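**Student:**
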Amino acid sequence: MATAAKVGTNFTGVQMSPKDTKRLLDAVNEIHPDVPGDERGMLVERAERNEEADRIGSVPVPGSAKGMLKTGFDMMKGKSPEVFIDKLGERLAFERNGVRLYEAMIAKARNLDTGNDLVGVLQHIRDEEFEHMMLVHAAMEKLGADPTAQTPCADVAGVMAMGIMQVLTDPRTNVPQCLNALLTAELADNAAWELLIELAQAAGHPNIADSFVKAKTQEDDHLVKIKTLMRRDLIMQTK
Amino acid sequence: METISGILDNKGTPLEKQKFTWKEMAGKPISKLDDDAFTRVRIILMNGVETDALRLSHGIARFNKELRLPLAQIRRTEQHQATMINWLIGADHSPLETTVAYEQVAIEVTAAVAQNEPDHYQAQTYRFGLLEDFDHLYRYSAMLDRLEGKDANNILQGYTDIVPGRKTSEHHRHPENDIRDNYEKESAALITKIHAALITGAEYQTHDYYMNIGPLFADPLARQLYAEIASVEEQHVTQYGSLSDPSESHIEKWLVHEAMEVYMYASCAEQESNPRIKAMWERFLDYELGHLNVACEWFKKIERRDPAEILGGPLPKMVEFKSQRDFVRQVLAAEVNLRTAGPVYVDKAKEPQSSLDYRNHLASQGLASDIVSAGYQWAPGGELMRKAS
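Protein chains in written order, with the UniProt record's numbering: chain L, 1 to 239; chain U, 1 to 389.
(1) Taking the alpha-carbon positions, what's the residue 30/L to residue 107/U distance?
(2) Contact criterion: CB-CB distance below 9 Å. Does residue 181/U meet it with respect to chain L?
(3) Quick one: is residue 111/U buried, meaning 16 or more other Cβ sit within 10 Å of its Cβ, or exposed?
(4) Taking only three categories from DSSP, how would you classify residue 340/U?
(5) By the criterion of Cβ-Cβ separation under 7 Å, what are the contact partners of residue 390/U in chain L?
(6) Determine the extent of the alpha helix (DSSP H) in which residue 251/U is found, giving its start and end residues.
(7) Return no unless some Cβ of chain U is closer than 9 Å to the Cβ of residue 71/L.
(8) Is residue 373/U closer than 9 Å to residue 138/U when the C-beta atoms are compared?
(9) To the nearest whole angstrom, what separates the beta carbons of residue 102/U and residue 44/U, a pair I think is in contact under 8 Å?
(10) DSSP three-state label for residue 54/L, please.
(11) Would you say residue 331/U and residue 70/U are within 9 Å of each other, going by their C-beta atoms?
(12) Which value, in whole angstroms, describes the spacing of the CA atoms of residue 124/U and residue 299/U?
(13) Can you pull the DSSP bridge partners for residue 119/L?
(14) When the Cα of residue 213/U is compared with those of 229/U, 10/U, 198/U and 135/U, which residue comes out closest?
(15) Is residue 153/U close to chain L, meaning its C-beta is less than 9 Å from at least one C-beta of that chain?
(16) Contact between the segment 84–93 of chain L and the segment 104–122 of chain L: three or more CB pairs below 8 Å?
(17) Please work out which residues of its chain come closer than 6 Å, Cβ to Cβ, to residue 378/U, disregarding the five sequence neighbours upstream and downstream, and give them in chain order.
(18) Leaving out five residues before and five after residue 164/L in sequence, what residues of the same chain have Cβ atoms less than 7 Å from its Cβ?
(19) Any beta-carbon of chain L closer than 9 Å to the one on residue 158/U?
(20) Since residue 346/U sits in a beta bridge, which residues does DSSP pair it with?
(21) Can you find a C-beta in chain U that's less than 9 Å from the C-beta of residue 155/L?
(22) Looking at the C-beta of residue 229/U, does it have a partner C-beta in chain L at a distance below 9 Å?
(23) How big is the Cα-Cα spacing for residue 17/L and residue 168/U?
(24) Would a check of beta-carbon distances place residue 380/U closer than 9 Å to chain L?
(25) What's the C-alpha gap between residue 165/U and residue 354/U?
(26) Hey, quick one: how far does the alpha helix (DSSP H) through residue 80/U stretch, first residue to last?
(27) Does the segment 297–315 of chain U come within contact of the segment 247–259 of chain U, defined as at least 3 CB pairs closer than 8 Å?
(28) So does residue 203/U have its beta carbon nearer than 8 Å to some heavy atom of the ligand PLP?
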């Protein structure tokens, strides 16, 4: 694994093939587009397809018979409780994915002598992501929702995470590249907890909102840690 | 002309010594950034060759009980060769970037074949198909730029032009206009048979790839673009598949395919710039010689004929993996308006009504290939750079 950017024979740019590029540009200047218009036609077509589209899926009906009988069951409140359930499903999926992302990152950092206990920091964050996952799991059970169902927002969060997972598990990516991927996840995660607390309050579940505050505080810490690690590493290399 | 020396004399690696481990098969990929584009061209092409070997072998096994075991034994190696080759494509290629690379393969390899092909009709067919794959590259490059914000030339590395060819929207033909005349097995040169097997296999792979990845896209225009071009690739498989003589026996086709594999690995090994990949081509060349020998033994046993009847005679120089820009530009200028009427190449004005009706209906609710490429002009760094300047 490379640990830093290196100079080499990158063939992708036009500077690597000036003669071929000139020939290519000659062709472009001689043979013109055969369909009039520009990229705005795509906008029109996409807008039309958006109108015609079905939804990705639905939020499962909450409140199993078993759940309803449980003591301490928190009745679903608010105008559209499924919105809150959907976002809880998203957070659960995101945190579960987050645990796996940090595990991949730990594997990457394990044999590196970074001199700043990188693995220890990563392990600490991984464990807290796991805690957050279980916290959301408990909140969903309390509401009688099914924490094993994949809600639409959970599904979309999975699509978003695909690129981050690819970066972290590629053996060729280096530590700063992977920290950058984790930063993307942490920035989104941080804002998501902030919003989730507000949604819990708006949906009339102050106890759940209170239980989420600790997670938000820990997420603030994750963000600082990842930013600091990344900044320190890159500045050291740049100086 | 240069020839492969000893195509029938060299025994290659015996089948029982053709061994793999899972780790080497799923080994280190090439670098999308630092390897030469033609290394990737060879990788994609040879994966297509190996998957076509599997396809042909399964087809033969359906009709021949006696050959089932030897074919299964060779297929096992071919499966693992295909894996080792295809897994060289790194995960930093988006499916659309790999698509651009597939079209570069189709253009550069078909252009090399068209120039080496001694049969005029077959050469004309390669030039005809070439201009369509050339156009696909332009449409996909526009899609890559406008969907992912990426420059197709990062993949093509300046070797291949990004301009319109015969318009994709005019490729869709009635099936009766996709069948071509075949070579005659008794009189055709071996290289003609090899070319037909090679390009058919390559197009088959492209078709299957588009069919698999098309639904991975979220964008409805990308999904439709893949549907439109995958259909053309199916036409290309039909077209190139009909170039070979249907009266060849199954085992004769097997022999030609193995000879093609030997020829192609020899071409790859000769020109490869990445030493690690070159060693793999050399290893697989020896494996293929082993397969060819097995096929020859069965040919002698079943058909009681000398394989030299099929494989004798000189082969032209290796397939040249290099930019065919000049040739493609000439073909584009001279033949962009060709169409087909049955197996005959005709001017655009004489295209049969059957194809026009067929495509008019398909396009009656819109054409993604037109929409995504409207006004698209490549510029270094993508069209946004042109618009900014």
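Beta carbons are placed, not taken as given, at the ideal position from N, Cα and C, and that holds for glycine.
Quick caveat: nothing in here was measured; it's all calculated off a predicted structure.
**Tutor:** So, from the data block:
(1) In the first sequence, residue 30/L corresponds to position 30, counting from 1. In the second sequence, residue 107/U corresponds to position 107, counting from 1. Distance between the alpha carbons of residue 30/L and residue 107/U: 20 Å.
(2) Walking along the second sequence from the start, residue 181/U turns up at place 181. So no, residue 181/U is outside the interface.
(3) Stepping through the second sequence from its first residue, residue 111/U is reached at position 111. Classification of residue 111/U: buried, given that the 10 Å Cβ count is 16 or more.
(4) By 1-based counting over the second sequence, the position of residue 340/U is 340. Three-state result, residue 340/U: strand.
(5) Outside the displayed range of chain U (1 to 389) lies residue 390/U, so it cannot be described from this structure.
(6) On the second sequence, position 251 is the one that residue 251/U refers to. From DSSP, the alpha helix (DSSP H) with residue 251/U extends over 250–271.
(7) The residue given as residue 71/L occupies position 71 in the first sequence. Only weak support exists for where residue 71/L lies, its pLDDT of 46 falling under 50; the coordinates are left without a value.
(8) Here residue 138/U is taken as the residue at index 138 of the second sequence, counted from 1. Here residue 373/U is taken as the residue at index 373 of the second sequence, counted from 1. Closer than 9 Å, so yes.
(9) To locate residue 102/U, count along the second sequence from 1; it is residue 102. To locate residue 44/U, count along the second sequence from 1; it is residue 44. Yes, residue 102/U and residue 44/U are in contact; Cβ-Cβ is about 6 Å, under 8 Å.
(10) The residue labelled residue 54/L in the question sits at position 54 within the first sequence. Reduced to three states, the DSSP call for residue 54/L is coil.
(11) In the second sequence, residue 331/U corresponds to position 331, counting from 1. In the second sequence, residue 70/U corresponds to position 70, counting from 1. The answer is no: Cβ separation not under 9 Å.
(12) Working through the second sequence from its first residue, we reach residue 124/U at position 124. Working through the second sequence from its first residue, we reach residue 299/U at position 299. Each residue's alpha carbon lies about 32 Å from the other.
(13) Mapped onto the first sequence, residue 119/L falls at position 119. Answer is none; residue 119/L lacks a bridge partner.
(14) In the second sequence, residue 213/U corresponds to position 213, counting from 1. The candidate whose alpha carbon is nearest that of residue 213/U is 229/U.
(15) Reading the second sequence from its first residue, position 153 is the one you call residue 153/U. For residue 153/U, the answer is yes, since a Cβ of chain L falls inside 9 Å of its Cβ.
(16) no
(17) Counted from its first residue, the second sequence places residue 378/U at position 378. Within the same chain, residue 378/U has close Cβ partners 162.
(18) One-based indexing of the first sequence puts residue 164/L at position 164. Result list for residue 164/L: 101, 181, 184 and 185, in chain order.
(19) As a working note, residue 158/U is residue 158 in the second sequence. At least one chain L Cβ lies under 9 Å of residue 158/U.
(20) The residue labelled residue 346/U in the question sits at position 346 within the second sequence. Paired residues: 339/U.
(21) For the purposes of this step, residue 155/L is taken as residue 155 along the first sequence, with counting starting at 1. Answer no: the Cβ-Cβ gap between residue 155/L and chain U never drops below 9 Å.
(22) Mapped onto the second sequence, residue 229/U falls at position 229. It does not; no Cβ of chain L falls within 9 Å.
(23) The count along the first sequence starts at 1 and reaches residue 17/L at position 17. The count along the second sequence starts at 1 and reaches residue 168/U at position 168. Residue 17/L and residue 168/U: Cα-Cα distance of roughly 29 Å.
(24) Translated into positions along the second sequence, residue 380/U becomes position 380. Yes, residue 380/U counts as interfacial toward chain L.
(25) Numbered from 1 along the second sequence, position 165 holds the residue referred to as residue 165/U. Numbered from 1 along the second sequence, position 354 holds the residue referred to as residue 354/U. C-alpha separation (whole angstroms): 23 Å.
(26) Walking along the second sequence from the start, residue 80/U turns up at place 80. Per DSSP, residue 80/U belongs to the alpha helix (DSSP H) from 68–86.
(27) yes
(28) The ligand PLP is not part of the structure shown, which contains no ligands of any sort.
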